[in-house]
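J.: Quick one: the structure is below, questions incoming.
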Amino acid sequence: MSRDANGRRLARRRFPRPGTVDLSSRAERFAVMHNLLRDKAALAGIIFLSALLVATLSATWVLPLDAAAQSADVLRGPSLQHWLGTDEFGRDLGTRLIVGARVSLEVGFGSAVFAAVIGVTTGLVAGYLGGWWDAVPMRIMDVALALPDVVLALVIVAALGNTNLNLVIAIGIAFIPIFARVTRAAVLTVRERAYVQASKAMGAGSTDTMFRTILPNVLGPVIVQFAITAAVAIVVSAALGFLGLGPAAPAPSWGGMLQTAKSYLYQNPWYAVFPGVALMLTVLCLDRLGNSLRVAMGIQTTETAKAAR
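Numbers 1084 to 1392, taken from this note's numbering, label the letters of the sequence shown in order.
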């Protein structure tokens, strides 16, 4: 820690790069939210995702029917008693759709968080320290990127088992390389900037410089990537459920519901429509939110793309 002429310790400052959103600044965060809420499509997506989140969190206390409760009304269409109809065991599709949404959101966002924590840390270290710290991890990431996300997740789930935690780990591992590459590219564009050099001149170590000075100034692309990754992770989770590697029955999941519904398309087509529409809307809203965040933050993707090469 640097000291002044009287021997007092000087507080370290974060030096934002001109033209970059510094999310540690309250004014910058307010400006991003203001720009985001002016986008009607993004606002609609936020409302839908918020409503879905509230519904999944309150499902235990609000839903009138049990997701596992069976009845004689099998494969019925929408009615006053069962708003979205019933499945092959007479279970309420609306209840199972909401409970399945909880699984999809847990796996989707859990995978994105898992991938972001490891990937961002790897990208920070590789981009800032360079040398072997850059060459070895990035070659490993290149190999992982060569494998399709679904195939990689499928192999890991098949080896570990199909619990929710294993799904989060399997899907998260598949997306670590993307966060690492995005973060590394952003770090390469800022590591020689004056505010980084000033931080080091004031006595900051490598860890402090990476996580307190550089990270707040490269969070923009990471947040955008997080929204997009969560959307793709939900799709991958549904794909694994469709292949029979989702949560074990009778626990509902959107992918599992679609997998079962394909056998009853003629008896009750609504069985496949509702989980399919829910999956589509959730993914579209997250994808649109990611795009809107990129615009609201004014992220320049050309510069980081060049640095990633």
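All residues carry an ideal CB built from backbone N, CA and C; glycine is no exception.
CB A1355 to CB K1345, shorter than 8 angstroms?
T.: Numbered from its first residue, the sequence shown carries residue 1355 at position 272. Numbered from its first residue, the sequence shown carries residue 1345 at position 262. Using a Cβ distance threshold of 8 angstroms, A1355 and K1345 count as a contacting pair.
J.: From the DSSP output, read off the bridge partner residues of T1343.
T.: Counting from one through the sequence shown, the residue named residue 1343 turns up at place 260. BP columns for T1343 are empty, so no partner.
J.: My parser needs the alpha helix (DSSP H) runs of 4 or more residues fully inside the region 1166–1231; what are they?
T.: 1176–1212 and 1215–1228
J.: Note down, in chain order, each residue of its chain lying with its Cβ closer than 6 angstroms to the Cβ of D1217, except the 5 sequence neighbours on either side.
T.: For the purposes of this step, residue 1217 is identified with residue 134 of the sequence shown, where counting begins at 1. The beta carbon of D1217 is closer than 6 angstroms to those of A1209 in its chain, skipping five residues each way along the sequence.
J.: What is the rounded straight-line gap between the Cα of V1378 and the Cα of G1191?
T.: Position 295 of the sequence shown, counting from 1, holds the residue named residue 1378. Position 108 of the sequence shown, counting from 1, holds the residue named residue 1191. Straight-line Cα distance between these residues: approximately 23 angstroms.
J.: Write down the C-beta distance between F1325 and G1255 rounded to the nearest angstrom, noting that I regard them as a contact closer than 8 angstroms.
T.: For the purposes of this step, residue 1325 is identified with residue 242 of the sequence shown, where counting begins at 1. For the purposes of this step, residue 1255 is identified with residue 172 of the sequence shown, where counting begins at 1. Rounded, the Cβ-Cβ distance is 20 angstroms, inconsistent with contact.
J.: Select from I1201, L1237, V1233 and D1232 the residue whose C-alpha is nearest the C-alpha of P1220.
T.: Start at 1 with the first residue of the sequence shown, and residue 1220 comes out as number 137. Residue I1201 is the option with its Cα nearest to P1220.
J.: For V1234 versus L1323, is the C-beta spacing smaller than 8 angstroms?
T.: Reading the sequence shown from its first residue, position 151 is the one you call residue 1234. Reading the sequence shown from its first residue, position 240 is the one you call residue 1323. If you check the CB distance, V1234 and L1323 do not come in under 8 angstroms.
J.: Can you tell me which of the three DSSP states N1351 falls into?
T.: Residue mapping note: residue 1351 aligns to position 268 of the sequence shown, counting from 1. In the structure shown, N1351 sits in coil (DSSP, three-state: anything other than H, G, I, E or B).
J.: CB V1273 to CB V1305, shorter than 8 angstroms?
T.: Translated into the one-based positions of the sequence shown, residue 1273 becomes position 190. Translated into the one-based positions of the sequence shown, residue 1305 becomes position 222. Not closer than 8 angstroms, so no.
J.: Does the contact criterion of 3 or more C-beta pairs under 8 angstroms hold for the region 1245–1252 versus the region 1266–1285?
T.: no
J.: Since S1187 and I1317 should fall inside the 8 angstroms C-beta cutoff, what is the C-beta to C-beta distance between them, to a whole number of angstroms?
T.: Position 104 of the sequence shown holds residue 1187. Position 234 of the sequence shown holds residue 1317. Correct: roughly 5 angstroms between the Cβ atoms.
J.: If you count every other CB in all the chains shown that lies within 10 Å of the CB of R1159, and 16 or more means buried, which is it?
T.: Position 76 of the sequence shown holds residue 1159. So R1159 counts as buried.
J.: Under 8 angstroms, do A1142 and V1182 count as touching if we go by C-beta distance?
T.: Position 59 of the sequence shown, counted from the first residue, corresponds to residue 1142. Position 99 of the sequence shown, counted from the first residue, corresponds to residue 1182. In contact: A1142 and V1182 (Cβ atoms closer than 8 angstroms).
J.: Could you tell me which uninterrupted alpha helix (DSSP H) segments, each at least 4 residues in length, are contained entirely in the region 1270–1319, listed from first to last along the chain?
T.: DSSP runs (the alpha helix (DSSP H)) wholly in the region 1270–1319: 1277–1284.
J.: Alpha helix (DSSP H) containing A1138: first to last residue?
T.: Residue 1138 sits at position 55 when you count from the first residue of the sequence shown. Residues K1123 to V1145.
J.: Report all residues from its chain with a CB closer than 7 angstroms to the CB of G1359; omit the five preceding and five following residues, and keep chain order.
T.: For this step, residue 1359 is matched to residue 276 along the sequence shown. Correct list, in chain order: L1341.
J.: Please report the Cβ distance between L1328 and L1237, rounded to the nearest whole angstrom; I am assuming they are in contact, meaning their Cβ atoms lie under 8 angstroms.
T.: Looking up residue 1328 in the sequence shown gives position 245. Looking up residue 1237 in the sequence shown gives position 154. With 8 angstroms as the limit, L1328 and L1237 qualify as a contact, their Cβ atoms being about 6 angstroms apart.
J.: Quick one: measure Cβ to Cβ for F1258 and T1204, integer angstroms, because I've assumed they're closer than 8 angstroms.
T.: Within the sequence shown, numbered from 1, the residue matching residue 1258 stands at position 175. Within the sequence shown, numbered from 1, the residue matching residue 1204 stands at position 121. Between T1204 and F1258 the Cβ distance is about 14 angstroms, and since that is not below 8 angstroms, they are no contact.
J.: Write down the C-beta distance between V1319 and D1225 rounded to the nearest angstrom, noting that I regard them as a contact closer than 8 angstroms.
T.: Here the question's residue 1319 lines up with position 236 in the sequence shown. Here the question's residue 1225 lines up with position 142 in the sequence shown. V1319 to D1225, Cβ: 20 angstroms. No contact.
J.: Beta carbon of L1207, beta carbon of T1266: below 8 angstroms?
T.: Here the question's residue 1207 lines up with position 124 in the sequence shown. Here the question's residue 1266 lines up with position 183 in the sequence shown. Their beta carbons are under 8 angstroms apart, which means L1207 touches T1266 by this criterion.
J.: Identify, in the order they occur along the chain, each residue of the same chain with its Cβ nearer than 6 angstroms to the Cβ of R1185, setting aside the five sequence neighbours on each side.
T.: Position 102 of the sequence shown, counting from 1, holds the residue named residue 1185. Answer for R1185: T1139, listed in chain order.
J.: Below 8 angstroms on the Cβ atoms is my guess for L1060 versus F1131; work out the distance and round it to an integer in Å.
T.: Not covered by the structure: residue 1060. The range shown for the chain is 1084 to 1392.
J.: Is M1380 buried or exposed, if buried means 16 or more other CB atoms sit within 10 Å of its CB?
T.: Mapped onto the sequence shown, residue 1380 falls at position 297. Its Cβ being crowded by 16 or more others within 10 Å, M1380 is buried.
J.: Pop quiz: W1353 and G1177 are said to be a contact at Cβ under 8 angstroms. What is the actual Cβ separation, rounded to whole angstroms?
T.: For the purposes of this step, residue 1353 is taken as residue 270 along the sequence shown, with counting starting at 1. For the purposes of this step, residue 1177 is taken as residue 94 along the sequence shown, with counting starting at 1. About 11 angstroms separates the two Cβ atoms, so there is no contact after all.
J.: By the 10 Å Cβ neighbour count, where 16 or more other Cβ atoms means buried, how is R1179 classified, buried or exposed?
T.: Taking the sequence shown and counting its residues from 1, one reaches residue 1179 at position 96. With 16 or more Cβ atoms within 10 Å of its Cβ, R1179 is classed as buried.
J.: Just mark W1166 as buried or exposed, buried being the case when its beta carbon has 16 or more other beta carbons within 10 Å.
T.: By one-based count along the sequence shown, residue 1166 stands at place 83. Classification of W1166: exposed, given that the 10 Å Cβ count is below 16.
J.: Using only alpha-carbon positions, find the residue among A1125, S1194, A1150 and A1134 that is nearest to S1336.
T.: Mapped onto the sequence shown, residue 1336 falls at position 253. Per the Cα distances, A1150.
J.: Indicate the three-state DSSP secondary structure (helix, strand or coil) for P1333 in the structure shown.
T.: What you label residue 1333 is simply residue 250 of the sequence shown in a count that begins at 1. P1333: coil per DSSP, three-state reduction.
J.: According to DSSP, simplified to helix, strand and coil, what is P1260?
T.: Here residue 1260 refers to the residue found at position 177 of the sequence shown. Residue state, collapsed to three classes: helix.
J.: Buried or exposed: which applies to Y1211, given that a residue is buried once 16 or more other Cβ atoms fall within 10 Å of its Cβ?
T.: Taking the first residue of the sequence shown as 1, we reach residue 1211 at position 128. Counting Cβ neighbours within 10 Å, Y1211 comes out buried, since at least 16 surround it.
J.: In whole angstroms, give me the CA-to-CA distance for A1263 and S1162.
T.: Residue numbering aside, residue 1263 sits at position 180 when the sequence shown is read from its first letter. Residue numbering aside, residue 1162 sits at position 79 when the sequence shown is read from its first letter. Taking the straight line from one Cα to the other gives about 49 angstroms.
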